Structures are given as C-alpha cells and as structure tokens.
Amino acid sequence: AKNVGILAMEIYFPPTFVQQEELEAHDGASKGKYTIGLGQDCLAFCTEVEDVISMSLTVVTSLLEKYKIDPRQIGRLEVGSETVIDKSKSIKTFLMQIFEKCGNTDIEGVDSTNACYGGTAALFNCVNWVESRSWDGRYGIVVCTDSAVYAEGPARPTGGAAAIAMLIGPDAPIAFESKLRGTHMSHVYDFYKPNLASEYPVVDGKLSQTCYLMALDTCYKYFCHKYEKLEGKQFSLSDADYFVFHSPYNKLVQKSFARLLFNDFLRNASSVDDTAKEKLGAFSTLTGDESYQSRDLEKASQQVSKPLYDTKVQPTTLIPKQVGNMYTASLYAAFASLLHNKNSELAGKRVILFSYGSGLTATLFSLRLHEGQHPFSLSNIATVMDVAGKLKSRHEFPPGKFVETMKLMEHRYGAKDFVTSKDCSLLSPGTYYLTEVDPMYRRFYARK
Ligand code: ACO
2 AKNVGILAME IYFPPTFVQQ EELEAHDGAS KGKYTIGLGQ DCLAFCTEVE
52 DVISMSLTVV TSLLEKYKID PRQIGRLEVG SETVIDKSKS IKTFLMQIFE
102 KCGNTDIEGV DSTNACYGGT AALFNCVNWV ESRSWDGRYG IVVCTDSAVY
152 AEGPARPTGG AAAIAMLIGP DAPIAFESKL RGTHMSHVYD FYKPNLASEY
202 PVVDGKLSQT CYLMALDTCY KYFCHKYEKL EGKQFSLSDA DYFVFHSPYN
252 KLVQKSFARL LFNDFLRNAS SVDDTAKEKL GAFSTLTGDE SYQSRDLEKA
302 SQQVSKPLYD TKVQPTTLIP KQVGNMYTAS LYAAFASLLH NKNSELAGKR
352 VILFSYGSGL TATLFSLRLH EGQHPFSLSN IATVMDVAGK LKSRHEFPPG
402 KFVETMKLME HRYGAKDFVT SKDCSLLSPG TYYLTEVDPM YRRFYARK
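Each residue of the sequence shown is one higher than the one before, counting from 2 in the UniProt record's numbering.
Listed below in structure tokens is the structure:
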C-alpha cells in the first residue's frame, strides 16, 4: 500500500460553551488572564446528556454517512481516549453497535490510553496495519474522544471536549512520511489520574509546561537527525509549510514554535534571519535547564518567531482556541483547523505534527498533503467537517451554569441507577445522547 494516511475526517464538539472572558470575570482572575495569558477564546463542555461515548458514536456515524462508507468496509477501529468511564470495557466495544447492525464484527483494535497521546498511538497502529502484511484491504478508523475537565482552580479554564474520527487507508490526500518520526518517552508525574473516584487529574501545571517543551526539543532533535540521515541535509523550519501542536491552550503553542526556532538557531545559526541571530545570541550559552527557566529567552524567541508563527502556525489554532483542550483530539482538531482555513492551497505541502501526552509520551511526525480524489479530497474533507457552521450553531452558557454542570457531573461520575433529563433540544439532528445508566451500570444512548 502506498501513501497510507488519512482519507477522510469528521469532527464533533458539544454545542454548549462558555466565553473565556466571562469565565475570567466569574473566577475573579485578572482581566486578560485566560484570553491573552492563556490565549483562549471559548471552552466547550459536555452537559449531563453527553459523554465521550456519545460523542464518538456521533462522530463515527457521521463519518460513515457523509463519506458514504459501508460499515462492512471497515477492518480496524482504534480509539484514543484518557476519559475513563470503564476500567475494562473499551469505548471501541460501544462503537461496535454501529457495525454489528450491518453484520460486521470482524474488526480489530481496542482503546489506547496515555493522557493526550492515545489518539496518536491509535493512529500509528492503524497506519502500520495498512502498511503491514496483516492488512486485508479494508479501511481503518481512528477515533479520538475526550472530555477535559479540571477541579476548580487555575487549570479549569484549560478544559474542553470533542471527538474526531479519521478514515485510514492507502492513496490518501493526507499521507504519512512514515520514516520521519521522532519520539521521546519518559517517567514523570506532571499530570495523572490516580484518583479513580474522580474524573479530575492531579496536575503540576508548571512542571507539565516544562515537560512539554523538553519533550518537544528531544523529539525535534531525533526528527532532525533522521531527516538528515535520509535526505543528506539539515532540517530547519523552512523545510515544512505548517506546524501543528497538541494545544492545551494557545500560549503554549506560541512558546513551542518559538522553542523550535531557538533549536534551529542553536544547531545552525545560518538557518534563522539576522534579527533572530542578534536577539537570540545572548542565550546561546544557557544550559538546557536554564533555557527552560529563562523568561527573557521565552519573550525574545516568541518575538522573533512571530512572523513565521503567523504563516506556519496561526491557521492551525482556530478550533483549539474556540473549544479548549480536547486531550487526544486536540492535535487533530488543530490539524482540522488547517484544513478548514487552507484546504485547496494545501496540495504538495508538508505538515509537521507534535503529539504530547503527560506522563510522558511524545512524537513529532510528518505528513505530506495531496489534493486527492472526491470524496477523499482536501476540499471535500473541509466541506464535510463544516467547522464554521458547527461553531456558529453553538449555544453560550453563563459561567454559573457551567460550574453547576461540573458539580452535577462530579456526582454522576462512576454512579449507577439514574436517568438523564434526555433533553436534547440543544443538540443537532443525528447527535447521540445518554438517556440512562441502569442498576448494573449499563449505559444507554439514543440518537436525535
Ligand atoms: N493579562 C494577560 N496575561 C496574563 C494576565 C493578564 N491579566 N494574568 C496572567 N497572564 C499570563 C501570565 O503571564 C502567563 O503567561 P506567560 O507564561 O506567557 O507569562 C499566563 O497568563 C498564565 O498565567 P499563570 O500565572 O502562569 O497561570 P497559572 O499558573 O495560574 O495557570 C496553567 C496556568 C499552569 C497552564 C494551568 O492552567 C494548568 O495547570 N493547566 C493544565 C495543565 C496543562 O494544560 N499543561 C500543558 C501540557 S499537559 C496537558 O496537555 C494537559
């Protein structure tokens, strides 16, 4: 199989959201902290009728319907998620309801979990399957689904929720450059979920930022090394058209791109422009550790990378800023933003993606885009996803109602024997929603 990659995509996020500006005022944070400081516009959240299972049922059904894929053509289905509803039964098995109806139970794959990285692990599994001798000629589907919720405090505004489905196969408009990957994995406690009675993580915010940037540096180093071995020349930011980052909040994405430019400067000063050389010179003697602590370096590198950020990163930031951190779906929602903003201009372009999951696991990898053939074309993917339409038809909640919903969900987490309001008035037609959890903890969903 050649040009294996993503043939089609669909995205779903809850239609319910709060404005970060309102949340800021409600929380008593200083004005601008969430909007300018974190760089976020809105935060989407699941009400009591939605969860990661309903969102993934919605997104997979929609993918199959909108691209007219017969469910019998699917041979592998992988889910990435860090939102635990059941410690044994995978989300994938819930999705089997869609396929069993059509008589297809011959579908490999289960769930992958490690913080925000599970979706990338699932994606690599699927791509590797299509490239392998076990491939039976059918398509794979990868689903990333998460509801990111935090306890009250500084991390809460970095929540969000969404599900993404991707159809995987050969001759894809979004093809993997499979040899170009740099991975870094290590044991740290930056963000984890040891309390099985709570949906909220334990998070060391500052440490998680540093871990993220250190992982980025290391992945970039390995990536560049592999590129140089393969292509016989150095890699620099100019060798890719777009950079897409896992996006817990936009400020970290700005810092990450700045960090890559600083890496280029350190490896080969001639690959950056004169202003950058001049402004970054003062920092070339910092040790690695010092460089993560230096606020001056952070400021200087963000400043000199701004023009490149505007062309190579800004088009990828729309959905993460509007929806918030979607954990496993965050990176792919950033990529979906790029397709939405630039669809027809993307043919021939190289896009680099950085996936980060706390704990920690991270990979930097490369995609090559082609226009593709209908229905698997870049322009049709953008049309099907209808990002603008979905953002426009949302319903804004006041922060008080958001907080109330979080409280209710704390009670519902791990609970049994309740029925939901079954109020699906805010959901668009075709959306799945939770109706009941019975005395045996079995969950029931309906479709609007
Ligand atoms: N106007 C403008 N900017 C402001 C204002 C204001 N009024 N107030 C603060 N800021 C800026 C700060 O200067 C800072 O920006 P800087 O880093 O460029 O200086 C930014 O806003 C955030 O302010 P902090 O004081 O650093 O925020 P705090 O420590 O309260 O919380 C944090 C931020 C740590 C990111 C928290 O939201 C968190 O823990 N989030 C979850 C962890 C996370 O997402 N980690 C990322 C990788 S792991 C993962 O994906 C889950």
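Ideal placement from N, C-alpha and C gives every residue a C-beta, glycine not left out.
In this text, all values refer to a predicted model and were calculated from it rather than measured experimentally.
>> Can you check whether the C-beta of Tyr13 is within less than 9 Å of a C-beta belonging to chain B?
In response: Going by chain labels, chain B is absent from the structure shown, which holds only one protein chain.
> In chain order, what residues of the same chain have a beta carbon less than 7 Å from the beta carbon of Ala198, not counting five sequence neighbours either side?
Replying inline: Gly415
> Residue range of the alpha helix (DSSP H) that Asn226 falls in?
Replying inline: Per the sequence shown, the amino acid found at residue 226 is His instead of Asn. Counting along the chain, the alpha helix (DSSP H) containing His226 begins and ends at 206-232.
> So which of Lys67, Asn129, Thr106, Lys102 has the shortest CA-CA distance to Lys3?
Replying inline: Asn129
>> My output table needs one value for Glu437: the three-state DSSP class, helix, strand or coil.
In response: strand
> So what does DSSP say about Ile86, is it helix, strand or coil?
Replying inline: coil
> Do the region 352-369 and the region 44-54 meet, that is, are 3 or more Cβ pairs less than 8 Å apart?
Replying inline: no
> Nearest CA to the CA of Asp240: which residue from Pro249, Val273, Met215?
Replying inline: Val273
>> If distances are taken between C-alpha atoms only, which option among Tyr228, Val143, Lys102, Ile108 comes closest to Arg135?
In response: Reading off the sequence, residue 135 comes out as Ser, not Arg. The shortest C-alpha separation from Ser135 is found at Ile108.
> Quick one: what does DSSP say Lys343 is sitting in, helix, strand or coil?
Replying inline: helix
> DSSP state of Gly401, grouped into three classes?
Replying inline: helix
> Is there at least one non-hydrogen atom of ligand 1 closer than 8 Å to the beta-carbon of Tyr250?
Replying inline: yes
> In three-state terms, what does DSSP make of Ile70?
Replying inline: coil
> Are the beta-carbon atoms belonging to Leu261 and Leu281 less than 9 Å from one another?
Replying inline: no
> Which two residues bound the contiguous beta strand (DSSP E) that contains Gln21?
Replying inline: Careful: Gln21 lies outside any beta strand (DSSP E), inside the alpha helix (DSSP H) at 21-28.
>> Once the 5 residues before and after Asp218 are set aside, which same chain residues still bring their CB inside 7 Å of it?
In response: Arg260, Asn264
> To which residues of the same chain is Glu437 closer than 6 Å at the C-beta, ignoring the five residues directly before and after it?
Replying inline: Val420, Phe445
> Any idea which residues DSSP pairs Val352 with across the strands?
Replying inline: Tyr243, Leu368
>> So, with DSSP's three-state summary, where would you put Glu279?
In response: helix
>> Comparing C-alpha positions only, which one of Phe244, Phe398, Ser356, Lys102 sits nearest to Leu347?
In response: Phe244
> On the three-state DSSP scale, how would you describe Ala156?
Replying inline: coil
>> Rounded to whole angstroms, what is the Cα-Cα separation between Ala283 and Ala156?
In response: 33 Å
> Is the beta carbon of Leu39 within less than 8 Å of some heavy atom of ligand 1?
Replying inline: yes
>> Going by C-alpha to C-alpha distance, which of Cys225, Met56, Ile99 sits closest to Pro72?
In response: Ile99
> Asn269: buried (16+ other C-beta within 10 angstroms of its C-beta) or exposed?
Replying inline: exposed
> Under a three-way DSSP split, which group does Ser148 fall into?
Replying inline: strand
>> By alpha-carbon positions, which one of His188, Lys180, Phe125, Asp147 ends up nearest to Leu231?
In response: Lys180
> Among Ser187, Val80, Tyr221, which residue has its Cα nearest to the Cα of Met167?
Replying inline: Val80
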